[in-house]
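Enquirer:
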Amino acid sequence: MSRPCFATVKRAFPTIFHNRLYAMKHFLLCVATLLFVGCGPSDSNHDRLSIAATAVPHAEILEFVKPTLAKQGIRLDIRVFNDYVQPNDQVAQKQIDVNYFQTEPYLQAYNRSRNTHLITVVGVHIEPLGAYSHRYTALASLPKGAEIAIPNDPSNNSRALILLHQAGLIKLKDPKNMLATQRDILENPKLFKFRELDAAMLPRVLDQIDLVLINTNYALSAGLKPNQDALAIENKDSPYVNYLVSREDNKDDPRVQKLAKALTSPEVKRFIDKKYGGAVLPAF
Numbered sequence: 001m002s003r004p005c006f007a008t009v010k011r012a013f014p015t016i017f018h019n020r021l022y023a024m025k026h027f028l029l030c031v032a033t034l035l036f037v038g039c040g041p042s043d044s045n046h047d048r049l050s051i052a053a054t055a056v057p058h059a060e061i062l063e064f065v066k067p068t069l070a071k072q073g074i075r076l077d078i079r080v081f082n083d084y085v086q087p088n089d090q091v092a093q094k095q096i097d098v099n100y101f102q103t104e105p106y107l108q109a110y111n112r113s114r115n116t117h118l119i120t121v122v123g124v125h126i127e128p129l130g131a132y133s134h135r136y137t138a139l140a141s142l143p144k145g146a147e148i149a150i151p152n153d154p155s156n157n158s159r160a161l162i163l164l165h166q167a168g169l170i171k172l173k174d175p176k177n178m179l180a181t182q183r184d185i186l187e188n189p190k191l192f193k194f195r196e197l198d199a200a201m202l203p204r205v206l207d208q209i210d211l212v213l214i215n216t217n218y219a220l221s222a223g224l225k226p227n228q229d230a231l232a233i234e235n236k237d238s239p240y241v242n243y244l245v246s247r248e249d250n251k252d253d254p255r256v257q258k259l260a261k262a263l264t265s266p267e268v269k270r271f272i273d274k275k276y277g278g279a280v281l282p283a284f
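If you count by the UniProt record's numbering, then the sequence shown holds residues 1 to 284, one letter each, in order.
(1) Helix, strand or coil: which one does DSSP assign to L107?
(2) How close, in whole Å, do the beta carbons of residue 287 and L129 come, if the pair is a contact with beta carbons under 8 angstroms?
(3) Return the Cβ separation of V245 and T120 in integer angstroms, given the expectation that the two are a contact with Cβ distance under 8 angstroms.
(4) Closer than 6 angstroms by C-beta to V280: which residues in its own chain qualify, once you throw out the five before and the five after it? Chain order, please.
(5) Indicate the three-state DSSP secondary structure (helix, strand or coil) for N152 in the structure shown.
(6) Could you tell me whether the region 254 to 270 touches the region 150 to 170, using the rule of 3 or more Cβ pairs below 8 angstroms?
(7) Along the chain, which unbroken stretches of the beta strand (DSSP E) at least 3 residues long are found entirely within the region 112 to 164?
(8) From Q102 to G145, what distance separates their C-alpha atoms?
(9) Tell me which residue opens and which closes the beta strand (DSSP E) that T54 is part of.
(10) Between which residues of its own chain and L161 is the CB-CB distance below 8 angstroms, once the five residues before and five after are set aside?
(11) From L49 to I96, what distance separates their C-alpha atoms?
(12) Kindly indicate which three-state DSSP category V279 falls into: helix, strand or coil?
(13) Whose C-alpha, out of S133, N115, E147 and F64, is nearest the C-alpha of F194?
(14) Quick check: Y100 and A53, are their CB atoms within less than 8 angstroms of each other?
(15) To the nearest angstrom, how far is it from the Cα of V80 to the Cα of Q257?
(16) With H, G and I counted as helix, E and B as strand and the rest as coil, what does DSSP make of L220?
(17) Under a three-way DSSP split, which group does F81 fall into?
(18) Let me confirm a value: S113 is counted as buried when at least 16 other C-beta atoms fall within 10 Å, else exposed. Which label applies?
(19) Could you give the uninterrupted runs of the alpha helix (DSSP H) lying entirely in the region 234 to 278, keeping only those of 4 residues or more?
(20) To which residues of the same chain is R3 closer than 6 angstroms at the C-beta, ignoring the five residues directly before and after it?
(21) What is the rounded straight-line gap between the Cα of L224 and the Cα of M201?
(22) Leaving aside the five residues before and after Q243 along the sequence, list all residues of the same chain whose C-beta is less than 8 angstroms from its C-beta, in chain order.
(23) Roughly how many whole angstroms lie between the Cα atoms of I51 and A140?
(24) Find out if the Cβ-Cβ distance for the pair S155, D210 is shorter than 8 angstroms.
(25) Taking only three categories from DSSP, how would you classify N88?
(26) Per DSSP, what kind of secondary structure is A59 in: helix, strand or coil?
(27) Go ahead and label V212 buried or exposed: buried means 16 or more other beta carbons lie within 10 angstroms of its beta carbon, across all protein chains shown.
(28) So, at 7 angstroms on beta carbons, what are the nonlocal neighbours of K251 in its own chain, with the 5 sequence-adjacent residues on each side left out?
(29) Among R135, K275, A131 and E63, whose alpha-carbon lies nearest the alpha-carbon of A199?
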């Protein structure tokens, strides 16, 4: 250290550095501290994994595996959304790493409409779609011309129509067509009227519409008990598995793979069975 530099330090702190040797020791200590901070761990994203999810059951399942991932050095950043569009938009735009909220048919429809290439990583659980009513206790009680609310997105729209076909309320041209629309209704003997609404809105119209078909995540969030309250519900063989989804460029990221493994562990299977009592089914 040159004399002018030391003199500057000495003038700046006259009461502390009362002699040159003392000042030099403190100066070197400060330099060493700054170097340590500068070279130490930075606030990087190398150990953080961000994931978009809907609140129930997805975020709850993610909260369950969060401690497991923390032990592996991964900080899981769970971001909860109330719609089915933003979670995919955020991943496609690289604002969020992965998401967990959707079925493969929904993902395929999204990719087609947005010209994106999001991909499934692993299937985790099934949420049976159910038909609910605050006005009637049985499907047979629905009157002629009753109004039925169904999701407006292509995947869940056809899913609702297929459930109504299976329940005997309508007849579809091809009940296995996972892209069926109202135009594919072959028979509607009671002349039911259909209202297509955003999936998140459906629980809110139960007091206004005769029959409402609701995704289980929104049904649970609304306090419904699918196994008790649904007048019709998909069975355990439903092809609508909910997936962990990523971009093509990060599917093999070790953090993503560790999350995939955690989500399909025996512990998660027990957690789903115990917490949701059959309303949500493990898919692994």
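In this text, a Cβ means the ideal position worked out from N, Cα and C, and glycines have one as well.
Expert: Quick look at the numbers:
(1) As a first step, residue 107 is located in the sequence shown; it is residue number 107 there, counting from the start. Under the three-state reduction of DSSP, L107 is assigned to helix.
(2) Here the chain comprises residues numbered 1 to 284, so residue 287 is not present and cannot be evaluated.
(3) Counting from one through the sequence shown, the residue named residue 245 turns up at place 245. Counting from one through the sequence shown, the residue named residue 120 turns up at place 120. Going by Cβ atoms, the distance from V245 to T120 rounds to 6 angstroms, so yes, they are a contact pair.
(4) Residue numbering aside, residue 280 sits at position 280 when the sequence shown is read from its first letter. Result list for V280: P57, H125, E127 and I272, in chain order.
(5) Against the sequence shown, residue 152 aligns to sequence position 152. Reduced to three states, the DSSP call for N152 is coil.
(6) A contact between stretches requires three or more CB pairs, one per stretch, nearer than 8 angstroms, and the region 254 to 270 fails this requirement with the region 150 to 170.
(7) Every unbroken stretch of the beta strand (DSSP E) spanning 3 or more residues and falling wholly within the region 112 to 164 is given here in chain order: 119 to 126, 130 to 132 and 147 to 151.
(8) Here residue 102 corresponds to residue number 102 of the sequence shown, with the count starting at 1. Here residue 145 corresponds to residue number 145 of the sequence shown, with the count starting at 1. Straight through space, the alpha carbons of G145 and Q102 are spaced by roughly 32 angstroms.
(9) Counting from one through the sequence shown, the residue named residue 54 turns up at place 54. Counting along the chain, T54 sits inside the beta strand (DSSP E) bounded by residues R48 to T54.
(10) For this step, residue 161 is matched to residue 161 along the sequence shown. Counting only Cβ-Cβ distances below 8 angstroms, and skipping sequence neighbours, we find I150, I170, L172, A180, T181, Q182, D184 and I185.
(11) Translated into positions along the sequence shown, residue 49 becomes position 49. Translated into positions along the sequence shown, residue 96 becomes position 96. Looking at the two C-alpha atoms, the distance is approximately 8 angstroms.
(12) Along the sequence shown, one-based indexing puts residue 279 at 279. Val is not the amino acid found at residue 279; the sequence shown has Ala there. Here A279 sits in coil by DSSP.
(13) Position 194 of the sequence shown holds residue 194. Across the set S133, N115, E147 and F64, the C-alpha of E147 shows the shortest separation from the C-alpha of F194.
(14) Position 100 of the sequence shown holds residue 100. Position 53 of the sequence shown holds residue 53. Going by beta carbons, Y100 and A53 fall inside the 8 angstroms limit.
(15) Translated into positions along the sequence shown, residue 80 becomes position 80. Translated into positions along the sequence shown, residue 257 becomes position 257. Their Cα atoms are separated by approximately 21 angstroms.
(16) Mapped onto the sequence shown, residue 220 falls at position 220. Residue state for L220 is assigned as helix, using DSSP reduced to three classes.
(17) Position 81 of the sequence shown, counted from the first residue, corresponds to residue 81. Strand, per DSSP.
(18) What you label residue 113 is simply residue 113 of the sequence shown in a count that begins at 1. When all chains shown are included, S113 counts as exposed.
(19) Counting only runs of 4 or more, we get 254 to 263 and 266 to 276.
(20) Locating residue 3 in the sequence shown gives position 3, where the first residue counts as 1. Legend: pLDDT at R3 = 47, less than 50; position of this residue unreliable, value from coordinates given subsequently. Nothing meets the Cβ criterion.
(21) In the sequence shown, residue 224 corresponds to position 224, counting from 1. In the sequence shown, residue 201 corresponds to position 201, counting from 1. Roughly 14 angstroms between the two C-alpha positions.
(22) Taking the sequence shown and counting its residues from 1, the one referred to as residue 243 is at position 243. Note that residue 243 is Tyr in the sequence shown, not Gln. Excluding sequence neighbours, Y243 sits near Y100, Q102, T103, E104, L107, T120, V121, V122, G123 and V124.
(23) In the sequence shown, the residue the question calls residue 51 occupies position 51. In the sequence shown, the residue the question calls residue 140 occupies position 140. Their Cα atoms are separated by approximately 42 angstroms.
(24) In the sequence shown, the residue the question calls residue 155 occupies position 155. In the sequence shown, the residue the question calls residue 210 occupies position 210. No; because the gap between Cβ atoms is not below 8 angstroms, this pair is not in contact.
(25) Within the sequence shown, numbered from 1, the residue matching residue 88 stands at position 88. In this structure, N88 counts as helix in the three-state DSSP scheme.
(26) Here residue 59 refers to the residue found at position 59 of the sequence shown. For A59, the secondary structure class from DSSP, reduced to helix, strand or coil, is helix.
(27) What you label residue 212 is simply residue 212 of the sequence shown in a count that begins at 1. Within 10 angstroms of the beta-carbon of V212 lie 16 or more other beta-carbons, which makes it buried.
(28) As a working note, residue 251 is residue 251 in the sequence shown. Beyond the five residues adjoining it in sequence on each side, K251 comes within less than 7 angstroms, by CB distance, of I119 and V121 in the same chain, given in chain order.
(29) On the sequence shown, residue 199 is found 199 positions in, with the first residue counted as 1. If we check each option's Cα against that of A199, A131 comes out closest.
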